[in-house]
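Numbering (the working numbering), first residue to last: 29 to 383.
The structure is reproduced here in structure tokens:
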């Protein structure tokens, strides 16, 4: 399920799709209030000017560097156990946008860091994972460069200084040697992040969702078994435009009867297909994004579908946005076990904009 939230995994409370953890522990077991990890990225909150330096060619013994500027804005999410940062990268030849999402996984004791290149909005890059020690942080993970297996490494240095420093390196020998190919130096311009400028021709379909909302949720307790037992609970959403407005991302709180939990919903627009992709990261099992649902708006209604798994069997998931005004919207999720011939609605959310 994806829409405002991408709640497919939240819905289950158990079996999860696309390589997510098979069981999700209660929120209270994972995210105790006041977790020290919730402050790992406090030093990066706000708006920044960024000076970049990158190699023109990688892994060919090249020493020719390009220098250019950029902008960055970072907000906390998941009660501090996640971050969202939006970026303008002014490479020679033209600027582009990029987005970073980070989340701490208590089960692994590590942060995961994902990158979305605004030029390729149908892909979330493979994460690097790691953590901080003192004034620095190291994050590593497997990757591909021009079809070649490599190990990618991010390092944050001097993080509590006036000019934090980030570097990216690749290794072709399993980490025995590294080639640094990109460096950033950050200078803060504002202590509280504000949205970076939108591109003039950005897609407006989800403009209605930008801002802060209260949400009334109705969720079917069991799905695809003929049950008609529902639970009702409250929630909130804070949603912002990113990637120049060609994407938006929301931090969600669910006040479920079994305990509060959180999640991040990301929607990216693919101009090539004319479709939106809606992704979900469950804060209780934040090691991977669920596969997206895809779709578009027509006549004020948004419809999005994708393949999923429910209790070990393949199903289809459908998300519908309707009733959209400046101050309200309705979101519904349904599943089909017969290839779309029939659908069972299992979650309904009513949004009201905060004053």
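Cβ coordinates follow ideal geometry from the N, Cα and C atoms, glycine included. Every value quoted in this text rests on a predicted model; they were computed, and no experiment measured them.
Whole angstroms is fine: what's the gap from residue 67's alpha carbon to residue 161's?
Their Cα atoms are separated by approximately 13 Å.
What are the boundary residues of the beta strand (DSSP E) that residue 185 is part of?
176-185 is the span of the beta strand (DSSP E), which, as asked, contains residue 185.
Please look up how many angstroms separate the CB atoms of residue 383 and residue 371, rounded, as I've assumed it's under 8 Å.
Going by Cβ atoms, the distance from residue 383 to residue 371 rounds to 35 Å, so no, they are not a contact pair.
How far does the beta strand (DSSP E) with residue 80 in it reach, from first residue to last?
It spans 74-83 - the beta strand (DSSP E) in which residue 80 sits, taken as one unbroken run.
On the three-pair Cβ rule with 8 Å, is the segment 215-229 touching the segment 266-277?
With the cut-off at 8 Å, the segment 215-229 and the segment 266-277 touch.
Within the same chain, show all residues whose beta-carbon is closer than 7 Å to that of residue 355, passing over the 5 residues directly before and after it, in chain order.
So the qualifying residues of the chain are 380 and 381.
Three Cβ pairs or more, each shorter than 8 Å: is that satisfied between the segment 123-135 and the segment 281-288?
Flag = no, the segment 123-135 and the segment 281-288 do not touch.
Mapping the DSSP letters down to three states, classify residue 169 as helix, strand or coil.
Three-state result, residue 169: strand.
In chain order, what residues of the same chain lie with their CB nearer than 7 Å to the CB of residue 351, ignoring the 5 residues before and after it?
So the list reads 357 and 358, once near-sequence residues are dropped.
Taking the continuous beta strand (DSSP E) assigned at residue 374, which residues delimit it?
Unbroken beta strand (DSSP E) run through residue 374: 372-381.
Could you please give the first and the last residue of the uninterrupted beta strand (DSSP E) stretch that includes residue 243?
239-248 is the extent of the beta strand (DSSP E) around residue 243.
Going by DSSP, which residues form a beta bridge with residue 99?
According to DSSP, which records beta bridges pairwise, residue 99 is partnered with 77 and 116.
Is the segment 237-257 touching the segment 102-121 in the sense that three or more CB pairs, one from each, lie closer than 8 Å?
Judged by Cβ distances under 8 Å, the segment 102-121 makes no contact with the segment 237-257, as fewer than three pairs qualify.
Buried or exposed, going by whether 16 or more other CB atoms sit within 10 Å of the CB of residue 172?
Flag for residue 172 reads exposed.
Rounded to whole angstroms, what is the Cα-Cα separation between residue 122 and residue 136?
About 39 Å.
From residue 47 to residue 334, what does the alpha carbon distance come to, in whole angstroms?
Because residue 47 sits at a pLDDT of 30, beneath the cut-off of 50, its placement in the model cannot be relied upon, and the following sentence gives the value as read from the coordinates. Taking the straight line joining both Cα atoms gives about 16 Å.
Tell me the residue span of the beta strand (DSSP E) that contains residue 148.
No beta strand (DSSP E) contains residue 148, which DSSP labels as neither H nor E.
Does the pairing of the segment 77-84 with the segment 195-215 give three or more beta-carbon distances under 8 Å?
Cβ pair count under 8 Å is three or more, so yes.
In the DSSP assignment, find the beta strand (DSSP E) that holds residue 346 and state where it starts and stops.
Per DSSP, residue 346 belongs to the beta strand (DSSP E) from 341-350.
I need the straight-line Cα distance from residue 192 to residue 175, nearest angstrom please.
Each residue's alpha carbon lies about 32 Å from the other.
Please report the straight-line C-alpha distance between residue 74 and residue 145, rounded to a whole angstrom.
Looking at the two C-alpha atoms, the distance is approximately 21 Å.
Using 10 angstroms around the beta-carbon of residue 369, count the other beta-carbons present and answer buried if the total reaches 16, otherwise exposed.
That one is exposed.
Whose C-beta lies closer than 6 Å to the C-beta of residue 257 among residues of the same chain, with five residues either side of it excluded?
Answer for residue 257: 249, listed in chain order.
Where DSSP assigns a beta bridge to residue 234, which residues make up the other side?
DSSP lists no partner for residue 234.
Select from 324, 311, 260 and 265 the residue whose C-alpha is nearest the C-alpha of residue 297.
When each option's Cα is compared against that of residue 297, the closest is 324.
Please say whether residue 151 and residue 168 have beta carbons closer to each other than 7 Å?
No. Outside cutoff.
Apply the 10 Å Cβ neighbour rule to residue 147 and answer buried if 16 or more other Cβ atoms are within range, or exposed otherwise.
Under this definition residue 147 is an exposed residue.
By Cβ distance, which residues of its chain are closer than 6 Å to residue 331, with the 5 residues on each side in sequence left out?
Only 323 and 348 meet the Cβ criterion.
Decide if residue 321 is buried, meaning its Cβ has at least 16 other Cβ atoms within 10 Å, or exposed.
So residue 321 counts as buried.
List the DSSP bridge partners of residue 289.
Per DSSP, 282.
Among the residues of its own chain, which have a CB less than 7 Å from the CB of residue 63, if the five just before and after it don't count?
Excluding sequence neighbours, residue 63 sits near 109.
Mind checking who residue 193 pairs with in its DSSP beta bridge?
Beta-bridge pairing links residue 193 to 185 and 213.
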